[in-house]
Amino acid sequence: MPKEKRAAWLLERRDEIIGKLNRDFSKPWFGWKKDGSVAKELGDMTYEETVLRMVRLMFVAHEQRWIDVSLRNLTGDWLRRVEERFAGVNGGGQKPSLLQSYKSLEDPLPFIKSFLNEYPIATKQLLAAEDSAYLLAISQRPGHKPVPFIPVLDATFEVWFKKDSLWAAEDIEAVFDQDPQRVKDEPIKDMLGNIHAELIQRLLASKTTATKAKFPPSTTSLPIPFLLFSVVPCIKRTQERQAVDALACYLGSAQNLGRSRAEPVARFDPFDDHRVQGTSYIDNPIKRLLAPRTGQKIVVCYENGAPVSVPLYARSYGEHKELFKAVEIKYSPTTKLIDITIFEDRRDVSVPLSLQFEYKPSMGAKCEPLKPRAERASRHTHSRPGKPVIEVVSAFLYRGRFTDYENTFETTEEPDYVVKLETDAAVGVLQSKEWFEWIDESKPLNVTVTGQVFVRNQLKELIPVGSIDFEPDDGRGNPVVAYIQRHGVAQGLSTPLPNEGYTLNSTPISFHAPLTNEPYSKVSGDFNPIHINPYFSDYASLPATITHGLDTLNAFSPTTSRSLAWSFLVTNSVSKFATLACGMEASSSTLPLLCNSRGEKVLGGSAEVSQPTTVNVFTGQGSQEQGMGMDLYNSLPAARAVWDGADTHLLAVYGFSIVEIVKDNPKEKTIHFGGIKGQAIRRRYMDMTYDTMDKDGNVKTRSSRTLMFARPSIPSATRKEKAAFEDMRMKGFVQKDCAFAGHSLGEYSALASIADVLHISALVDVVFYRGITMRRRCRA
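Numbering (this note's numbering), first residue to last: 1 to 780.
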């Protein structure tokens with residue numbers, strides 16, 4: 001478990017861990033109260049209880065000795081700390097210590113009794129935080145014997161638990177309460193004998209035809225040769241063949257088939273850990289093929305008294321012929337080759353997978369009798385006078401030319417990027433690149449780079465305006481990709497949800513994988529042997545036959561009824577699935593799936609699930625309030641960019657800040673017209689005109705200074721809606737073709753947000769003028 005998660009795990013299971021430490025471990029939990037209850041923290045104990053607990057755990061009372069002298073001194077140092085706490089000496093006063101020598105603790109109980117009589121408050125006062133820290137510090141002093149208790153459950157638990165964990169084996173008499181379950185002095189012969197007896201009982205209880213008589217005691221550690229098979233009750237032998245019916249009746253009998261060293265087929269040990277393939281060692285797949293299976297039949301065939309083939313019959317599960325040959329190992333005396341074939345039965349036709357091995361002994365074995373002696377050989381020398389014994393080949397890398405370009409490069413598909421050119425300097429950087437060419441230099445530079453350069457027209461259609469054609473001279477890197485990665489934002493990526501997402505199903509979904517996948521294979525037509533033949537799955541290093549992915553998908557039908565894509569693997573097991581929503585992309589949830597069986601992860605995958613159709617509705621005016629939208633402004637860059645864009649335009653054109661008004665809600669706002677920019681703002685207000693109609697129907701155009709007193713609250717409402725929508729879009733909550741509606745003022749927010757037909761400055765102007773018009777109309 002990672003260290004950063006260990007403390008939380010210990011805290012969650014604190015009661016369980018403390019109980020197990022006090023019952024069975026050689027290092028009990030330190031926390032203790034005088035009434036016999038458990039103190040879960042050092043701070044819950046009094047000073048008296050800490051002293052008594054230290055003596056109880058580190059002093060062997062029935063032998064009147066300490067486990068180690070350093071533990072005696074540790075107790076003395078803690079008593080002096082307690083004395084300092086309650087001595088009542090302030091300033092420069094002096095008082096002789098009650099503990100003048102550690103030897104006073106040789107018999108600690110009488111001294112502690114007199115000590116506590118001198119300082120009775122220690123029997124009631126709980127430990128201060130600094131004294132708890134001091135006790136932990138002196139308990140870990142280097143050079144002293146580690147304490148035989150665990151005082152705290154935190155990230156250092158491993159140190160307390162493991163340090164000097166075998167101390168009880170060195171001092172059995174000092175084990176806490178002399179509990180036998182904490183440590184047991186048991187001879188290794190009895191221990192291994194008990195394991196052997198328990199193993200036999202479990203095998204007898206399994207679904208086999210074994211009896212206790214079929215488990216003869218082993219009298220040698222050497223491999224059992226073929227001749228010993230004649231004494232095994234479950235083996236039948238004839239002149240030409242010997243067969244093992246129900247291999248499970250003789251534990252390890254499959255290994256014995258390869259242990260004789262009389263013939264090459266036997267010297268080819270199928271239970272070696274490795275094989276040589278080319279110039280490399282690989283894990284031995286044959287060892288997995290010959291694993292004992294219930295109901296299996298194995299036959300050894302002979303020629304001229306020598307074994308030449310070993311066929312295995314029957315598969316473990318599924319419909320099949322009883323005499324179907326599943327695996328066959330053959331040895332050819334003429335070619336000296338060993339052929340291993342794995343068969344799969346498809347519609348009464350055996351489909352083979354052929355493997356071929358050759359036994360090449362490269363070094364003879366030096367046999368040595370095993371006998372007791374005082375020393376082993378300490379030196380051995382190989383010599384070949386006048387002949388080379390080793391050849392060293394050194395390889396170095398040199399720069400040079402080559403022609404096999406296909407072996408030195410790879411084709412990488414990059415995602416689409418958006419490059420925002422928001423300043424003249426950014427435009428200049430792009431124009432300076434030698435790989436960029438304009439199609440029409442009169443078009444504005446608002447582009448999307450995918451290999452070509454596009455701009456969007458008012459209908460948001462992509463219009464090509466440029467191309468990228470770059471051929472490097474030296475091939476050092478890709479400056480085009482480097483540019484767009486540095487300045488652009490990749491499109492189509494999933495946006496992670498906060499707090500690592502949320503769980504969709506409150507309880508895990510249990511899925512019982514079938515023992516055989518034959519029925520599903522017949523329906524689906526997927527007869528891949530790793531799904532139905534255990535020999536093929538063993539050869540592929542799989543733990544068992546693999547349940548079809550689409551079959552497993554049925555377990556998730558309520559959650560993933562709108563599933564778009566799947567990719568995962570699951571083994572035969574009883575599994576529990578948990579679905580976690582962790583990201584969004586264009587309103588499609590990314591759901592990683594976790595499956596656990598016996599505490600092991602056997603499935604890992606993800607599903608992209610489309611969300612139900614959502615209608616985005618934008619409200620009209622009347623929802624304005626002080627501080628609205630400022631929570632998003634202060635926390636989210638996308639929302640802040642909308643507010644700041646509107647603010648920049650309003651300050652330059654109309655001379656006021658909408659962010660300031662929303663935050664402070666001033667009773668009045670004065671716009672100063674000083675300077676050249678101020679005069680331009682004043683002229684802009686004065687040039688605002690409106691048409692009125694008198695009672696006779698005559699239209700008149702007027703200019704009113706009262707326009708300068710128009711309320712700016714209406715633009716703030718559209719800014720808030722636009723900012724909230726951009727935040728949703730950034731998080732992937734907005735579908736590409738979603739429905740939308742706007743009421744009154746909300747129509748402009750909808751057009752600017754979803755339709756995206758109004759730039760932020762144009763939206764500010766339109767809504768500002770609409771507010772002025774509405775105000776003038778109401779007055780009229």
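Cβ coordinates follow ideal geometry from the N, Cα and C atoms, glycine included. Just so you know, these numbers come straight off a predicted model, no measurement behind them.
If residue i sits next to residue j, beta carbons under 8 Å apart, how far is it from one beta carbon to the other, in whole angstroms?
i      : j      : result
Thr718 : Ser749 : 5 Å
Glu344 : Phe536 : 7 Å
Arg793 : Ser97  : Since the first residue shown for the chain is 1 and the last is 780, residue 793 is missing from the structure and cannot be characterised.
Arg6   : Phe149 : Not really, about 20 Å apart at Cβ, beyond 8 Å.
Leu126 : Asp44  : 7 Å
Lys325 : Asp339 : That belief does not hold up - the Cβ atoms of Lys325 and Asp339 are roughly 13 Å apart, past 8 Å.
Thr341 : Ser332 : About 13 Å; that fails the 8 Å criterion.
Leu745 : Gln621 : 5 Å
Tyr539 : Val489 : Contact doesn't hold; Cβ gap of about 47 Å is too wide.
Ser761 : His649 : 4 Å
Ile530 : Thr516 : About 13 Å; that fails the 8 Å criterion.
Opposite residue i in the DSSP bridges: which residues?
i      : result
Val351 : Glu344
Pro822 : The structure shown does not extend to residue 822, since the chain is modelled only from 1 to 780, so the question has no answer here.
Phe59  : Trp66
Trp438 : Gly466
Asp339 : Lys330 and Gln356
Gly488 : Val419
Go ahead and pull the three-state DSSP assignment for residue i.
i      : result
Ile468 : strand
Val147 : coil
Ser332 : strand
Asn616 : strand
Arg770 : helix
Glu4   : helix
Thr219 : With a pLDDT of only 38 at Thr219, under the threshold of 50, the placement of this residue in the model should not be trusted, and no figure is reported.
Arg456 : strand
Ala155 : coil
Phe740 : strand
Asp283 : strand
Phe527 : coil
Ala306 : strand
Ala638 : helix
Lys27  : coil
Val418 : strand
Leu126 : strand
Taking the C-alpha atoms as reference points, what is the distance between residue i and residue j?
i      : j      : result
Glu198 : Glu106 : 47 Å
Tyr102 : Ile138 : 16 Å
Ala133 : Trp29  : 17 Å
Ile298 : Met191 : 34 Å
Glu328 : Phe527 : 21 Å
Leu323 : Glu303 : 22 Å
Val69  : Asp171 : 14 Å
Pro108 : Phe59  : 8 Å
Ala680 : Tyr654 : 9 Å
Pro151 : Phe111 : 24 Å
Glu668 : Gln626 : 14 Å
Arg486 : Glu414 : 14 Å
Trp32  : Asp24  : 16 Å
His196 : Glu49  : 47 Å
Glu452 : Pro464 : Per the sequence shown, the amino acid found at residue 452 is Gln instead of Glu. Cα to Cα, the separation comes out at about 7 Å.
Leu430 : Gln491 : 20 Å
Thr423 : Ala513 : 60 Å
Around the C-beta of residue i, are 16 or more other C-beta atoms found within 10 angstroms, so that it is buried, or is it exposed?
i      : result
Ile658 : buried
Glu4   : exposed
Phe768 : buried
Arg202 : exposed
Pro120 : exposed
Glu726 : buried
Phe740 : buried
Ser753 : buried
Leu675 : The sequence given here places Gly at residue 675; Leu does not occur at that position. Label assigned to Gly675: exposed.
Gly143 : exposed
Ala129 : exposed
Ala647 : What sits at residue 647 in the sequence shown is Asp, not Ala. Asp647 comes out buried.
Trp78  : buried
Pro479 : exposed
His548 : buried
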